[in-house]
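Peer 1: Okay, here's the structure, questions in a sec.
Number of protein chains: 2
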Amino acid sequence: MTGLSGQGSEAHKNGGLSRIQERNRSLILDAALGEFSKKGFSGATVERIAAEAGMSKSNLLYYFSSKEAIYKATLAHILEVWLAPLKTLDPSGAPSQELSAYIRQKIEMSAEFPEASRLFANEVMQGAPQILPILEGELKRLVTEKSAVIEDWITAGKMQRVEPVHLIFTIWATTQHYADFSIQIKALTGKDLSDPEFFRETVASVTALILNGIGLTPPQDTPA
Amino acid sequence: MTGLSGQGSEAHKNGGLSRIQERNRSLILDAALGEFSKKGFSGATVERIAAEAGMSKSNLLYYFSSKEAIYKATLAHILEVWLAPLKTLDPSGAPSQELSAYIRQKIEMSAEFPEASRLFANEVMQGAPQILPILEGELKRLVTEKSAVIEDWITAGKMQRVEPVHLIFTIWATTQHYADFSIQIKALTGKDLSDPEFFRETVASVTALILNGIGLTPPQDTPA
DNA sequence: GAGGGATTTGACCAAATGGTCAAGATGCAA
DNA sequence: TTGCATCTTGACCATTTGGTCAAATCCCTC
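Residue numbers (our numbering), protein chains in the order written: chain B, 34 to 257; chain P, 34 to 257.
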């Protein structure tokens, strides 16, 4: 049989995936993230992804039926991780705590998964051909929910009045900027988030600016 | 003769460009901006750029010797406009005035030239293969100069202490976000900067947040 | 250790695409 | 109007690249 759609005796162990399948899919997705984030969808080649994953192009196409399929899978793979932090905003927490934690998480993700950030940015900038439904569906629900949380904080007098979505956009913009434009940042400052000192400085600056911006005092994590 | 490098009797009028040359180059650059910003360098095709510019691919290649040449020219064409606003930061002005004017200008550019913003973002995210020298040269000098201006404002007690580069990055990030991620913003809010009301709201929100963030009061341009 | 499905690959194909070229059309100065 | 340079294009080419296929090879179960 060709292809692994009909998985014969597949009552295997894990979600119908053999050990080999699991390993290879993972290798492919890792390689694909690198390629797609570096070159964009069109610029990436199946051949290079396969090479990076240590297998032949044919074999890669045995696991994913097309370049677009790899791309979609890669996107799906990073998306949940990427949107996770926002979900942790806790309505019962203190705004300064919650928001600074959120900002820190986002900057950590920019430091740890800059490729995911760039892939996501790329997809959205091209018009979000693959993930528009997710943006309009799941993400919109999430943002609406968290906007209401912020609105409640404002109503309760816990923070200054801001348009909640703009606050969210500002946090996204600033934190992701350090991943997406890291080349520019490196060109200008000589450093990027992979430098621990610069990382600390960035968290401090961004947090201070945004929290001050909404009339809050940033909590001290680590004394200087 | 083939190609227009040796321009024979070219003491024409304007910089050695005939009327036809000027018109066509301009048509090409406009079309190229659209294509490159929508599809990225690899995704763009010379054929489509030519079609958009209303001429044959061959003719386009008569004006620009290669796809890369078109790309470079497009980039150069937008770059000066793109970096211009920062140059207007006036050391002798009041920080709140100067910065809010800068922020407004940047958001105006995001509204008016979102494609330029996306093209620039794309280029940088791919590692700035073409413009790295400019980032490390001209842009770095400019940023250093303006960082010093901000530093002076701080020293003079005119604004709160911030790391100047991070303030600049924050302004870039937030303002360009509204162009680069306009699809996402539209998916989430139903609007983008082309909506005058949303434009006003964005300027107000971003300006307020950032100026508050550095201990300044945003000046009122238009009463409510 | 034999049988059979899962995995892997090289050979191959068709379409897309950047770029060349020679010939023809056009604009302009004298 | 004529002559020449500029401008324009269709035909064509080489390369890249996504994807197919049949033939191995591997792995696991019985």
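By construction, the Cβ of each residue, glycine as well, lies at the ideal position given by its N, Cα and C atoms.
None of these values were measured; they are calculated from a predicted model.
Cβ atoms of residue 168 of chain B and residue 217 of chain P: under 7 angstroms apart, would you say?
Peer 2: Yes, Cβ-Cβ distance for residue 217 of chain P and residue 168 of chain B is below 7 angstroms.
Peer 1: First and last residue of the alpha helix (DSSP H) that includes residue 224 of chain P?
Peer 2: Note, residue 224 of chain P: premise wrong, no alpha helix (DSSP H); not H, not E.
Peer 1: Can you give the Cα-Cα distance for residue 200 of chain P and residue 184 of chain P, rounded to whole angstroms?
Peer 2: 11 angstroms
Peer 1: Are three or more beta carbon pairs between the segment 155-167 of chain P and the segment 215-229 of chain B nearer than 8 angstroms?
Peer 2: yes
Peer 1: Can you pull the chain B residues whose beta carbon is under 9 angstroms from the beta carbon of residue 125 of chain P, in chain order?
Peer 2: Correct list: empty, because the minimum Cβ distance to chain B is about 24 angstroms.
Peer 1: Should residue 242 of chain P go down as buried or exposed, given a rule of 16 or more other Cβ atoms within 10 Å for buried?
Peer 2: buried
Peer 1: What does residue 199 of chain P reach in chain B if we use C-beta pairs closer than 8 angstroms?
Peer 2: 234, 235, 238, 239 and 242
Peer 1: Return the residues of the segment 153-182 of chain P that lie within a Cβ-Cβ distance of less than 8 angstroms from chain B, sorted by chain order.
Peer 2: 154, 155, 157, 158, 159, 160, 161, 165, 168, 169, 172, 173 and 176
Peer 1: Out of P:71, P:197 and P:144, which one is the CA nearest neighbour of residue 235 of chain B?
Peer 2: With distances taken between Cα atoms, residue 235 of chain B lies closest to P:197.
Peer 1: Determine the chain P residues that contact residue 76 of chain B at a beta-carbon separation under 8 angstroms, and present them in chain order.
Peer 2: 73, 74, 75, 76 and 159
Peer 1: Is the Cβ-Cβ distance between residue 229 of chain B and residue 240 of chain B less than 7 angstroms?
Peer 2: no
Peer 1: For residue 133 of chain P versus residue 143 of chain P, is the C-beta distance shorter than 7 angstroms?
Peer 2: Going by C-beta atoms, residue 133 of chain P is not nearer than 7 angstroms to residue 143 of chain P.
Peer 1: Which residue from P:112, P:222, P:119 and P:61 puts its Cα closest to that of residue 161 of chain P?
Peer 2: Closest option to residue 161 of chain P, Cα to Cα, is P:112.
Peer 1: One question on the structure: do residue 107 of chain B and residue 172 of chain B come within less than 7 angstroms of each other, judged by their Cβ atoms?
Peer 2: no
Peer 1: Use the C-beta contact count for residue 128 of chain P: other C-beta atoms within 10 angstroms, 16 or more gives buried, fewer gives exposed.
Peer 2: Buried.
Peer 1: Check the Cβ of residue 214 of chain P against every Cβ in chain B and list those closer than 7 angstroms, keeping chain order.
Peer 2: 157
Peer 1: Give me, in chain order, the residues of the same chain whose beta-carbon lies closer than 8 angstroms to that of residue 140 of chain P; leave out the 5 immediate sequence neighbours on both sides.
Peer 2: 208, 211, 226, 232, 235, 236 and 239
Peer 1: Would you call residue 257 of chain B buried or exposed, if buried means 16 or more other Cβ atoms sit within 10 Å of its Cβ?
Peer 2: Residue placement at residue 257 of chain B cannot be trusted, given a pLDDT of 36 that sits under 50; what the coordinates show is reported in the next sentence. The residue in question, residue 257 of chain B, is exposed, as its Cβ has fewer than 16 Cβ neighbours within 10 Å.
Peer 1: Taking only beta carbons into account, state which residues of the segment 182-197 of chain P come closer than 8 angstroms to chain B, listed in chain order.
Peer 2: Close to chain B, meaning a Cβ-Cβ distance shorter than 8 angstroms, are the following residues of the segment 182-197 of chain P: 193, 195 and 196.
Peer 1: If you measure from the beta carbon of residue 255 of chain P to each beta carbon in chain B, is any gap under 7 angstroms?
Peer 2: Interpretation of residue 255 of chain P is limited by its pLDDT of 47, a score under 50 that renders its predicted location unreliable; no figure is taken from the coordinates.
Peer 1: For the alpha helix (DSSP H) that contains residue 182 of chain B, what are its first and last residues?
Peer 2: Under the DSSP assignment, residue 182 of chain B falls in the alpha helix (DSSP H) whose first and last residues are 173-188.
Peer 1: Can you find a CB in chain B that lies within less than 7 angstroms of the CB of residue 252 of chain P?
Peer 2: Not flagged as an interface residue toward chain B: residue 252 of chain P, since no C-beta distance is shorter than 7 angstroms.
Peer 1: Is there at least one Cβ from chain B nearer than 7 angstroms to residue 223 of chain P's Cβ?
Peer 2: no
Peer 1: Kindly list, in the order they appear in chain B, the residues whose Cβ is closer than 9 angstroms to that of residue 203 of chain P.
Peer 2: Identification of chain B residues near residue 203 of chain P by a Cβ-Cβ cut-off of 9 angstroms yields 203, 206, 207, 210, 238, 239, 242 and 243, ordered along the chain.
Peer 1: So does residue 158 of chain P have its beta carbon nearer than 6 angstroms to some heavy atom of the ligand ADP?
Peer 2: Only the bare structure without any ligand can be found here, which leaves the ligand ADP out of the picture.
Peer 1: Could you please give the first and the last residue of the uninterrupted alpha helix (DSSP H) stretch that includes residue 157 of chain P?
Peer 2: 147-158
Peer 1: What does the alpha-carbon distance come out to for the pair residue 51 of chain P and residue 65 of chain P?
Peer 2: 21 angstroms
Peer 1: From what residue to what residue does the alpha helix (DSSP H) around residue 93 of chain P run?
Peer 2: In the DSSP assignment, residue 93 of chain P falls within the alpha helix (DSSP H) that extends over 90-96.
Peer 1: Where residue 56 of chain P and residue 179 of chain B are concerned, what is the direct C-alpha to C-alpha distance, given to the nearest angstrom?
Peer 2: 50 angstroms
Peer 1: Look at the alpha carbon of residue 116 of chain P and the alpha carbon of residue 75 of chain B, and state the distance between them as a whole number of angstroms.
Peer 2: 28 angstroms
Peer 1: Can you give me the Cβ contacts of residue 124 of chain P inside the same chain, cut-off strictly under 7 angstroms, excluding the 5 residues immediately before and after it?
Peer 2: 182 and 185
Peer 1: Residues of chain P with CB under 8 angstroms from residue 220 of chain B, in chain order?
Peer 2: Within 8 angstroms Cβ-Cβ: 161, 165, 168, 169, 172 and 173.
Peer 1: Residue 246 of chain B touches chain P at which residues, Cβ-Cβ below 7 angstroms?
Peer 2: 242, 243, 245 and 246
Peer 1: So what does DSSP say about residue 136 of chain B, is it helix, strand or coil?
Peer 2: Three-state DSSP puts residue 136 of chain B in a helix.
Peer 1: Does DSSP put residue 253 of chain P in a helix, a strand or coil?
Peer 2: For residue 253 of chain P, the three-state secondary structure derived from DSSP is coil.
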